[in-house]
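Novice:
Residue numbers (my numbering): 1 to 392.
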């Protein structure tokens with residue numbers, strides 16, 4: 001597939017198959033994806049992935065935030081050759097999009113993160129690997145190969161485990177450390193409360209912990225012999241709500257790879273994170289999973305961009321469903337975006353192949369829409385590409 005015309009190439013691929021009577025197994029729209037994933041998954045597992053905090057108002061607001069903006073197409077600009085590549089932390093990325101970290105993917109499909117990593121490698125799309133993965137960070141890194149991988153750190157209350165995770169991520173070849181700041185305690189998720197469901201209690205999403213020497217040193221018996229006791233220890237040390245900016249400064253000095261903070265929603269927090277040594281920020285409200293009725297990441301994105309120097313990478317997630325959504329975030333100042341639930345639903349429907357289909361469709365939409373609004377280079381997308389709906 002040519003990089004400059006991946007959208008048109010994807011359309012031709014699908015239409016040619018259609019001439020032979022073959023239609024896509026993975027729906028192109030997010031709404032149909034969600035329906036198909038619900039049919040494919042265990043109901044409780046689906047609720048865990050799809051659900052959010054409280055009444056899930058933040059999930060709805062995340063989507064509503066995009067409706068406040070309109071892409072503003074311009075005509076008679078040569079976009080016959082389009083470039084989706086960008087650079088972050090000195091690494092050239094083929095696209096300005098990353099597969100956002102999602103834990104416990106074994107509840108979605110038996111291939112879990114390994115299938116996602118293979119799809120990411122096939123398409124050369126960066127992947128952010130969760131601390132709560134169903135496979136070890138080393139196994140996932142092996143499947144990623146040369147495709148850029150970042151490791152997402154849930155900062156354990158046990159310092160030895162936190163340090164061990166950082167060291168393992170560096171040794172496995174991950175190129176950045178994404179420190180999630182908004183999940184040191186679990187949000188009130190009504191679907192999971194209703195279902196009495198937390199996948200970790202079933203031994204899901206604990207591979208990085210059970211394989212970690214620092215974690216195993218905390219146990220009276222290895223997880224293979226006393227799994228329930230090991231799970232209880234995992235629950236006890238999973239997060240640390242006592243963390244402060246001083247701790248972040250220590251981590252930034254300790255890590256040998258760039259530290260990117262995820263979950264920042266206030267400009268003052270963004271500024272202090274950078275002052276304390278973080279090299280980038282991900283504007284995110286955890287996809288609406290932590291705080292009900294929270295501000296949306298898209299609404300605060302321009303404020304955070306304005307609060308930081310131009311050379312500080314600002315990424316965005318929470319509410320991205322289509323390539324056209326990504327362009328709105330890029331126009332408002334994001335350097336790249338992360339998306340999670342769409343590829344998770346693709347995984348549920350058809351494993352690795354489902355992820356590939358979703359990502360191909362997402363990038364096709366991004367590529368075509370980039371040209372249709374008058375741009376040939378994604379790095380050139382700026383505030384002129386959008387207009388507030390209430391200003392029209």
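Using N, Cα and C, we set each Cβ at its ideal position, and we do this for glycine too.
From a predicted model like this one, the values you see are computed outputs, not experimental measurements.
(1) Going straight from the alpha carbon of residue 260 to that of residue 250, what length do you get?
(2) Could you tell me which residues DSSP pairs with residue 152 in its beta bridges?
(3) So the candidates are 49, 234, 387, 290; which of them puts its Cα closest to the Cα of residue 332?
(4) Spatial neighbours of residue 88 within its chain, please: C-beta separation below 7 Å, excluding the five flanking residues on both sides.
(5) Using 8 Å as the threshold, is the C-beta distance between residue 58 and residue 291 below it?
(6) Using the rule of at least 16 other Cβ atoms within 10 Å of the residue's Cβ for burial, across every protein chain shown, is residue 342 buried or exposed?
(7) Am I right that residue 304 and residue 270 are in contact with their C-beta atoms under 8 Å? What's the rounded C-beta distance?
(8) Closest to residue 355 by C-alpha separation, out of 339, 367, 370, would be which residue?
(9) Quick one: grab the DSSP three-state call for residue 250.
(10) Can you tell me the Cα-Cα spacing of residue 126 and residue 120, whole angstroms?
(11) Which residues does DSSP pair with residue 86 in a beta bridge?
(12) Taking the alpha-carbon positions, what's the residue 196 to residue 348 distance?
(13) Going by DSSP, what residue range makes up the alpha helix (DSSP H) through residue 332?
(14) Thinking residue 117 and residue 140 are a contact (beta carbons under 8 Å), I'd like their distance in whole angstroms, please.
(15) Can the beta-carbon of residue 203 be found closer than 8 Å to that of residue 235?
(16) Please report the distance separating the alpha-carbon of residue 135 from that of residue 253.
(17) Please classify residue 193 as buried or exposed, where buried requires at least 16 other C-beta atoms within 10 Å of its C-beta.
(18) Taking contact to mean at least 3 C-beta pairs separated by less than 8 Å, is the stretch 94-110 in contact with the stretch 67-78?
(19) At what residue ranges does the stretch 290-358 contain a whole run of the beta strand (DSSP E), taking only runs of 3 or more?
(20) My assumption, with CB atoms under 8 Å, is that residue 344 sits in contact with residue 108. Please give the rounded CB distance.
(21) Report yes if the CB atom of residue 284 is closer than 8 Å to the CB atom of residue 318, and no otherwise.
(22) In the structure shown, what three-state DSSP assignment does residue 388 receive?
(23) Going by the CB atoms, is the gap between residue 103 and residue 288 shorter than 8 Å?
(24) So for residue 282, helix, strand or coil by DSSP?
(25) In this structure, how does DSSP classify residue 262 when only helix, strand and coil are distinguished?
(26) Between the beta-carbon of residue 328 and the beta-carbon of residue 151, is there less than 8 Å?
(27) Are the beta-carbon atoms belonging to residue 153 and residue 161 less than 8 Å from one another?
(28) Counting C-beta neighbours from all protein chains within 10 Å, is the total for residue 228 16 or more, i.e. buried, or is it exposed?
(29) By DSSP, does residue 70 sit in helix, in strand, or in coil?
(30) Run through DSSP, which three-state label would residue 76 get?
(31) Are there 16 or more other CB atoms within 10 angstroms of the CB of residue 215, so buried, or fewer, so exposed?
(32) Which residues bound the alpha helix (DSSP H) around residue 22?
(33) Using the Cα positions of residue 353 and residue 275, report the straight-line distance between them to the nearest angstrom.
(34) From the DSSP output, in three-state form, read off residue 380 for me.
(35) Given that a residue counts as buried once 16 or more other Cβ atoms are within 10 Å of its Cβ, and exposed if not, what is residue 23?
(36) What is the residue span of the alpha helix (DSSP H) that residue 166 lies within?
Specialist: This is what the structure holds:
(1) In this structure, the straight-line span from the alpha carbon of residue 260 to that of residue 250 is close to 14 Å.
(2) Paired residues: 130, 178.
(3) The candidate whose alpha carbon is nearest that of residue 332 is 387.
(4) So the list reads 313, 335, 336, once near-sequence residues are dropped.
(5) It is a contact, given that the beta carbons lie within the stated cut-off.
(6) So residue 342 ends up on the buried side.
(7) About 5 Å separates the Cβ atoms of residue 304 and residue 270, confirming a contact at the 8 Å cut-off.
(8) Residue 355 has its Cα closest to that of 339, out of 339, 367, 370.
(9) Three-state result, residue 250: helix.
(10) Going from the Cα of residue 126 to the Cα of residue 120 covers about 6 Å.
(11) In DSSP, residue 86 forms a bridge with 93.
(12) Roughly 22 Å between the two C-alpha positions.
(13) DSSP places residue 332 in no alpha helix (DSSP H); its state is neither H nor E.
(14) Contact between residue 117 and residue 140 holds: CB atoms are separated by about 5 Å, below the 8 Å threshold.
(15) For residue 203 and residue 235, no; Cβs fall outside 8 Å.
(16) As the crow flies, the alpha-carbon of residue 135 is around 28 Å from that of residue 253.
(17) The residue in question, residue 193, is exposed, as its Cβ has fewer than 16 Cβ neighbours within 10 Å.
(18) The stretch 67-78 and the stretch 94-110 do not touch, with fewer than three beta-carbon pairs separated by less than 8 Å.
(19) If we require 3 residues or more, the beta strand (DSSP E) runs fully inside the stretch 290-358 come out as 314-316, 336-339.
(20) Their Cβ separation, rounded to whole angstroms, is 6 Å, which keeps residue 344 and residue 108 in contact under 8 Å.
(21) Contact: yes.
(22) Residue 388: strand per DSSP, three-state reduction.
(23) Contact flag unset, no.
(24) Strand.
(25) Residue state, collapsed to three classes: strand.
(26) Not closer than 8 Å, so no.
(27) Going by C-beta atoms, residue 153 is not nearer than 8 Å to residue 161.
(28) With fewer than 16 other Cβ atoms within 10 Å, it is exposed.
(29) In the three-state DSSP reduction, residue 70 falls in the strand class (E or B).
(30) When secondary structure is reduced to three states using DSSP, residue 76 falls in the coil class, being assigned neither helix nor strand.
(31) In this structure residue 215 is buried. Its beta-carbon is surrounded by 16 or more other beta-carbon atoms within 10 angstroms.
(32) Secondary structure note for residue 22: it is in no alpha helix (DSSP H), with a DSSP letter that is neither H nor E.
(33) Approximately 42 Å, taken between the alpha carbons.
(34) In this structure, residue 380 counts as helix in the three-state DSSP scheme.
(35) Classification for residue 23: exposed.
(36) Going by DSSP, residue 166 is part of the alpha helix (DSSP H) stretching over 159-171.
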